[in-house]
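A.B. asks: One structure is given below, represented as structure tokens, and several questions about it will come after.
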Ligand code: AMP
Ligand code: ZN
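In the working numbering, the protein residues as written are 226 to 705.
Next comes the structure, spelled out in structure tokens:
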């Protein structure tokens with residue numbers, strides 16, 4: 226049995242066969258950096274981190290790309306309101322996003338292209354679509370993608386010219402052929418979407434020169450250009466939240482296949498733009514859609530502020546299958562804390578028993594975990610294998626059945642599984658209770674002006690691998 230994924234393109238669970246094994250190109254639509262990301266966004270990013278980590282666990286060599294959308298309508302509005310430059314405004318939220326990603330133990334993607342760094346590629350793609358007659362310049366100076374002309378373009382090599390691949394649209398039923406009179410659009414057809422948006426005064430300094438006049442790219446063309454620039458015109462995996470399947474991903478396919486690719490390499494079904502499309506289901510909070518007015522809107526930093534760690538948030542975001550809507554609750558976070566403590570305790574005891582011995586990973590946990598995850602990343606079954614293993618190790622430890630070598634082999638297996646789950650060790654700044662007690666005794670000694678005792682306690686703490694730092698907010702413990 227091999228690894229299988231549900232492919233939105235075929236609506237089926239399929240054997241995963243990358244275009245050029247063992248290499249895998251993986252693109253995940255990244256954040257639009259106009260504010261702090263919320264935990265719904267991070268469910269999708271943690272899911273893409275899981276896909277990457279599991280592929281690596283299965284021996285693939287992954288090139289993981291996640292874009293940063295740093296020019297788009299909402300951003301421009303906020304730049305206008307704040308009076309900051311585009312780079313200053315998006316820079317602060319990009320930094321915050323990367324810090325949040327790291328706090329959730331997501332491996333940094335190999336490439337984090339920013340849309341503003343790929344304007345040339347976008348112009349190149351739009352030019353090809355214009356040459357092929359699939360795009361047109363409207364009276365307002367903007368350039369649109371014509372869905373009608375795309376669907377009549379089979380003569381172009383590699384162009385499937387099928388709009389509605391991901392969502393099974395039947396355009397013949399709902400065709401709008403009349404020109405739509407609207408103040409907002411100058412499009413031939415309502416379904417047509419902007420590739421290049423002509424500059425308007427509110428755009429301020431946010432514009433670039435192009436063959437069609439000053440302006441900025443549409444959101445969809447950004448992802449086509451960045452993904453093909455870094456992964457080639459045809460690549461294996463494209464991920465995002467389920468709301469992106471239509472129109473964002475449908476439009477990406479149309480632009481990429483309609484243009485023949487950034488390098489002219491797309492060759493129809495044999496080399497499509499993307500072979501497997503994976504979509505993560507949405508996150509609900511306390512049973513409802515997350516919204517500021519309902520008071521259930523959380524960023525990662527809100528939850529950290531409430532005392533939860535990144536690994537607790539991560540493990541809750543990873544507790545349900547990626548294609549199932551998941552209900553996030555604060556009680557669920559408490560549950561994650563308890564579950565992680567059980568794992569930590571068991572792993573701690575195995576580490577004590579192994580006492581530095583090393584061994585090859587034991588097969589049991591690895592096999593059970595692989596069987597679960599190969600089945601379209603069945604993480605609920607994956608967690609069940611982990612807790613069955615914890616129960617069995619606790620039993621074996623209590624029955625004194627594990628010698629150092631066996632304990633080391635189980636630990637080695639856990640470490641491989643944990644490399645997929647990404648829990649890692651408990652944060653190093655959380656000192657164990659006995660060290661905290663020593664630090665408190667030292668504070669008491671200092672208060673009593675017993676400096677000899679406080680120095681001795683500091684030395685004792687140091688000997689146990691910790692350093693006390695006196696800060697204006699009181700003493701802080703750090704690993705030595
Ligand atoms: P954005 O920053 O709005 O472009 O969104 C970034 C990613 O988060 C996209 O892949 C969205 O599909 C995803 N996303 C947005 N809201 C949610 C949610 N409530 N649950 C899961 N993913 C979401
Ligand atoms: Zn995208």
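Heads up, the beta-carbon is just placed ideally off N, CA and C, and yes, glycines get one too.
The alpha helix (DSSP H) with residue 584 in it runs from where to where?
C.D. replies: Per DSSP, residue 584 belongs to no alpha helix (DSSP H) and is neither H nor E.
A.B. asks: Buried or exposed, going by whether 16 or more other CB atoms sit within 10 Å of the CB of residue 422?
C.D. replies: So residue 422 ends up on the buried side.
A.B. asks: For the region 624-635 against the region 519-533, are there 3 or more C-beta pairs whose distance is under 8 angstroms?
C.D. replies: At 8 angstroms Cβ cutoff, the stretches do not touch.
A.B. asks: Specify the secondary structure class of residue 378 as computed by DSSP and reduced to three states.
C.D. replies: In the structure shown, residue 378 sits in coil (DSSP, three-state: anything other than H, G, I, E or B).
A.B. asks: Should residue 473 be listed as close to ligand 2, given that the test is whether its C-beta is under 7 angstroms from any heavy atom?
C.D. replies: Result yes, Cβ under 7 angstroms from ligand 2.
A.B. asks: Measuring CB to CB, does residue 232 end up less than 8 angstroms from residue 502?
C.D. replies: Cβ distance < 8 angstroms, so residue 232 and residue 502 count as in contact.
A.B. asks: Near ligand 2, which residues have their beta-carbon less than 5 angstroms from any of its heavy atoms, given in chain order?
C.D. replies: Any residue whose Cβ sits closer than 5 angstroms to a heavy atom of ligand 2 makes the list: 254 and 448.
A.B. asks: Compute every distance between the C-beta of residue 338 and the non-hydrogen atoms of ligand 1, then say whether any falls below 7 angstroms.
C.D. replies: Checking every heavy atom of ligand 1 against the Cβ of residue 338, none is found closer than 7 angstroms.
A.B. asks: Count the other CB atoms, across all protein chains shown, that sit within 10 Å of the CB of residue 335; report buried if there are 16 or more and exposed otherwise.
C.D. replies: By the neighbour-count rule (16 or more Cβ atoms within 10 Å), residue 335 is not buried but exposed.
A.B. asks: Which residues mark the beginning and the end of the alpha helix (DSSP H) in which residue 717 is found?
C.D. replies: Nothing can be reported for residue 717: it is not among the residues displayed for the chain, which extend from 226 to 705.
A.B. asks: Hey, is the region 350-361 in contact with the region 456-463, meaning 3+ C-beta pairs nearer than 8 angstroms?
C.D. replies: Output reads no: the region 456-463 does not touch the region 350-361.
A.B. asks: Looking at ligand 1, does it come within less than 7 angstroms of residue 469, judged from the CB to the closest heavy atom?
C.D. replies: Yes, since a heavy atom of ligand 1 falls inside the 7 angstroms radius drawn around the Cβ of residue 469.
A.B. asks: If residue 482 sits next to residue 498, beta carbons under 8 angstroms apart, how far is it from one beta carbon to the other, in whole angstroms?
C.D. replies: Contact flag correct, Cβ pair sits at about 5 angstroms.
A.B. asks: Pick helix, strand or coil for residue 626, following the three-state DSSP scheme.
C.D. replies: Here residue 626 sits in coil by DSSP.
A.B. asks: Where does residue 612 land, buried or exposed, given buried means 16+ other C-beta within 10 angstroms?
C.D. replies: When all chains shown are included, residue 612 counts as exposed.
A.B. asks: Apart from the five residues just before and just after residue 401, which ones in its own chain have a Cβ nearer than 7 angstroms to its Cβ?
C.D. replies: Annotation note: pLDDT 43 at residue 401 (below 50); position unreliable, coordinate value reported separately. Cβ neighbours of residue 401 beyond the five flanking positions: 414, 415 and 416.
A.B. asks: Measuring only the C-alpha atoms, how far is residue 451 from residue 340?
C.D. replies: So the alpha carbons of these two residues sit roughly 7 angstroms apart.
A.B. asks: How would you write the range of the alpha helix (DSSP H) that residue 671 sits in, first residue to last?
C.D. replies: Where residue 671 is concerned, the enclosing alpha helix (DSSP H) stretches over 658-672.
A.B. asks: From residue 569 to residue 699, what distance separates their C-alpha atoms?
C.D. replies: Rounded to the nearest angstrom, the two C-alpha atoms are 28 angstroms apart.
A.B. asks: Near residue 686, what residues of its chain come up, given a Cβ to Cβ distance below 8 angstroms and the 5 sequence neighbours on each side ignored?
C.D. replies: Cβ neighbours of residue 686 beyond the five flanking positions: 660, 663, 664, 667, 692, 693 and 702.
A.B. asks: Secondary structure at residue 286, three-state DSSP: helix, strand or coil?
C.D. replies: Correct three-state label for residue 286: strand.
A.B. asks: Are there any heavy atoms of ligand 3 lying less than 7 angstroms away from the beta-carbon of residue 256, as far as the coordinates show?
C.D. replies: This structure lacks ligand 3; the ligands present are ligand 1 and ligand 2.
A.B. asks: Output yes or no for whether 8 angstroms exceeds the beta carbon distance between residue 601 and residue 272.
C.D. replies: Not closer than 8 angstroms, so no.
A.B. asks: What's the call for residue 216, buried or exposed, on a 16-neighbour Cβ count within 10 Å?
C.D. replies: Since the first residue shown for the chain is 226 and the last is 705, residue 216 is missing from the structure and cannot be characterised.
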